[in-house]
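Under UniProt numbering, the first residue of the sequence shown carries the number 1, and numbering increases by one thereafter. One structure is given here, and the rest of the page talks about it.
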Amino acid sequence: MSSLREPLGLLKALVVRIPLILKTILLHSIQMSPVKGKQDMRTELIVAIIRSFMATQAPLGKTQEHGLRDPGVKGPMWVSKVTLPQPEVGVRDAVLRAIEDLRTGDETYDIPATVAVEAEWTGYRAGVGKKTPEPDLSEEEKYYKLREGSPSDMTILYFHGGAYCLLDPCSHRVPVAHLSHLTGAPVFSVRYRLAPQNPFPAALVDALTAYLSLLHPPPGSLHKAVPANKIVFAGDSAGGNLSLVLLQTLLTLDRASHTIRFHGEDVPIELPAGVATISPWCDVTRSMPSTSGNAHLDYLKAPVVPSDNPVVTTPFTPLPFAPDDIWPTSPPRADVYCNASMLSHPLVSPLAAPADLWENAPPIWISTGEEGLTDEGLILARRVYQAGVPLVAEMFEGMPHCHGILMMDRPASHRFFESFARFCRDAVAGRVVSTGYLTWLGFKLQLTKEIPIEKACEISDEQVVALMRRMSAWKLEGEIELQKQWRATARL
């Protein structure tokens, strides 16, 4: 029965959306679509349907639970599930040192525990069909089968997206296994703690635990030590954010010559071979113009922003999930992921890191669509390039958030994965060449342009700072008011 419920539920949801589907088809057919010349009908339909699903206001806990539901393992992939043992508090304390080193004011955050971290080794399984079931083997046996089919000495450390509050490694197995197939490398996909139950910096602590576990395998590990110069961080959306802030944490600790206590040893700070990001979420304040300017091309909803009119007050309201036992939090926050005072901290929003904080970073790859997060990705690309970091950046015209892993059968996705895999191989080989240009790929890939990265986004650094401060201040004021109301209710 459980295997039938989900298809039937999906069919029911699509039936409800028949008017939306018909309207989209009609407008596209008569060339009156708002995305005319930038999306084909199939892409427009997919975006419209996903946007309609995301507009629902179900409780966050229910939405989170749905994203954590394991669909099982089948088809051309190997998955070996492991648990990394809980490290000493030294890992957590290293993250706290980096936060304090980069703080600029009165930021506040919860101090998380260090915990055991679950993860999945994922690889390509050759010679089977899409519905071939997983064989009845132990996790150890599956790991060795996976390694047999992943001959590269590279390891990709992958962080899934989902706004830090949704999804899981199990939701990303298909694109991750495909990446393993293209690179010949095993992928280590991390089940980091999710907000709002585990706000910043819990996910960052888990990410550092996973990285150190690759470098220095704890007792009982299936894998052998992987050299830092053979590891590539990768992630989509919030996972792209986590990849970047993990790198920024390592850069910050490295500048202070820190070591980290990890399973009984003081281990050095080592940088990975590279960082690959897919539609990275670089600005958690969501204050860049593309969040609204590209909303017609994307399924991500444009955020509410404070009024530019000093006479008009825009009231702040948190994300419109129906209340449940995890949201709103107690005391309430303005943001699911972190306290409002942290929104412009570089380890929350990497767009807040000035160019000099990226100095000595390894090569970085940024791929984005023409989406809500485009501006922040291009501005961060400009920053890392100004810091002298080898950069590869690309943008796909008309494509929505994370299009490459969302619509894997499309030509744009094929081109995206080719670039992704090439960067990973080049990073560990030490041959990434930074051209200083953004590769712009036109609709249907019929036109390609090279745009100087300094001109790819016209928003100045001064404007970025002003926009982020304005949004952060507005959300902080909203959070203070929410907590006043909460305390007043608690006294009744």
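Where a beta carbon is used, it is the ideal one built from N, C-alpha and C, also for glycine. Computed from a predicted model, the values in this text were never measured in an experiment.
Start and end of the alpha helix (DSSP H) containing PRO411?
-> Per DSSP, PRO411 belongs to the alpha helix (DSSP H) from 411-429.
Just confirm the distance between the C-beta atoms of PRO186 and SER150, as a whole number of angstroms; I'd bet it's less than 8 Å.
-> Indeed, because the Cβ distance is near 4 Å, the residues count as touching under 8 Å.
Could you give the C-beta distance for ILE459 and GLY436, rounded to a whole number, given that I count them as a contact under 8 Å?
-> Between GLY436 and ILE459 the Cβ distance is about 18 Å, and since that is not below 8 Å, they are no contact.
With DSSP run on the structure shown, which of helix, strand or coil describes TRP358?
-> Taken through DSSP and simplified to helix, strand or coil, TRP358 comes out as helix.
Start-to-end residues for the alpha helix (DSSP H) that takes in LYS81 = Careful: LYS81 lies outside any alpha helix (DSSP H), inside the beta strand (DSSP E) at 78-84.
Which residue from ASP461, ARG422 and PHE53 puts its Cα closest to that of ILE379?
-> Ranking the options by Cα distance to ILE379, first place goes to ASP461.
Measure from the alpha carbon of residue 519 to the alpha carbon of each residue in ILE46, TRP474 and GLY398, then state which is nearest.
-> Examination of residue 519 is not possible in this model, given that the chain is present from 1 through 492 alone.
Helix, strand or coil: how does DSSP classify GLU118 here?
-> GLU118 sits in a strand when the DSSP states are folded into three classes.
Just to confirm, are ARG97 and HIS258 a CB contact at a threshold of 8 Å?
-> Going by C-beta atoms, ARG97 is nearer than 8 Å to HIS258.
Unbroken stretches of the alpha helix (DSSP H), 4 residues or longer, contained in the segment 252-281 | Fully enclosed alpha helix (DSSP H) runs of 4 or longer: not present.
Can you tell me the Cα-Cα spacing of VAL304 and LEU351, whole angstroms?
-> Roughly 20 Å separates the two Cα atoms.
For THR209, the nearest candidate out of VAL267, ALA163, PRO411 and LEU179 (CA to CA) = Out of VAL267, ALA163, PRO411 and LEU179, the CA that lies nearest to the CA of THR209 is found in VAL267.
Collapsed DSSP secondary structure at LYS449 in the structure displayed | Residue state for LYS449 is assigned as strand, using DSSP reduced to three classes.
Where ALA55 falls, given that 16 or more other Cβ within 10 Å makes a residue buried | Result: exposed.
Selected residue, minimal CA-CA separation from LEU247, among TYR211, SER221, LEU222 and HIS223 = The shortest C-alpha to C-alpha distance from LEU247 to any of TYR211, SER221, LEU222 and HIS223 is the one to TYR211.
Touching or not, the segment 328-339 and the segment 389-398, by the rule of three or more beta carbon pairs under 8 Å?
-> Two segments are said to touch when three or more pairs of C-beta atoms, one from each, lie closer than 8 Å; by this definition the segment 328-339 does not touch the segment 389-398.
Which class does PHE321 belong to by DSSP, given the choice of helix, strand or coil?
-> Here PHE321 sits in coil by DSSP.
Taking the Cβ atom as the reference point for each residue, do SER344 and MET468 lie within a distance shorter than 8 Å?
-> With contacts defined as CB atoms closer than 8 Å, SER344 and MET468 qualify as a contacting pair.
Looking only at its own chain, which residues have a Cβ that is under 7 Å from the Cβ of THR140, when we skip the five neighbours before and after it?
-> Correcting the residue identity first, residue 140 is Glu in this sequence and not Thr. Excluding five sequence positions before and after GLU140, the CB atoms of its chain that fall closer than 7 Å to its own CB belong to LEU222, given in chain order.
Contact check, GLY274 vs PHE423, beta carbons under 8 Å | Against a cut-off of 8 Å, the Cβ pair of PHE423 and GLY274 comes out as a contact.
Relative to the C-alpha of THR448, which residue among LYS455, LEU438 and CYS457 is closest?
-> The residue with the shortest Cα to Cα distance from THR448 is LEU438.
Would you mind sorting PRO400 into buried or exposed? The rule is 16 or more other CB atoms within 10 Å of its CB.
-> The residue is buried, with at least 16 neighbouring Cβ atoms inside 10 Å.
Between the CA atoms of MET407 and LEU179 - distance to the nearest angstrom | Between LEU179 and MET407, the alpha-carbon positions lie close to 14 Å from each other.
Can you name the start and end residues of the alpha helix (DSSP H) that MET54 belongs to?
-> 41-54 is the span of the alpha helix (DSSP H), which, as asked, contains MET54.
Note down, in chain order, each residue of its chain lying with its Cβ closer than 6 Å to the Cβ of ASP101, except the 5 sequence neighbours on either side.
-> Hits under 6 Å: THR252.
Contact belief for residue 499 with ALA195 at Cβ below 8 Å, rounded distance in angstroms = The chain is shown only over 1 to 492; residue 499 falls outside these bounds and no answer can be derived.
Could you check where the beta strand (DSSP E) with THR439 kicks off and where it finishes?
-> Taken as a continuous stretch (DSSP letters only), the beta strand (DSSP E) holding THR439 covers 437-441.
Determine, using beta carbons only, whether SER292 and ALA302 come nearer to each other than 8 Å.
-> Cβ atoms of SER292 and ALA302: closer than 8 Å.
How is the beta strand (DSSP E) around MET395 delimited, first residue to last?
-> First-last of the beta strand (DSSP E) with MET395: 391-396.
Over what stretch of residues does the alpha helix (DSSP H) that includes ALA202 continue unbroken?
-> That run of the alpha helix (DSSP H) goes 202-215.
Residue of ILE231, VAL79, GLU107 and PRO315 minimising C-alpha distance to ALA429 = In terms of CA proximity to ALA429, ILE231 leads the group ILE231, VAL79, GLU107 and PRO315.
According to DSSP, what are the bridge partners of ALA234?
-> Answer is TYR158 and ALA276, bridged to ALA234.
Report the three-state DSSP secondary structure of THR24 (helix, strand or coil).
-> The answer is helix: DSSP assigns THR24 an H, G or I state.
Reduced DSSP category for PRO19 - H, G, I as helix; E, B as strand; rest coil = Reduced to three states, the DSSP call for PRO19 is helix.
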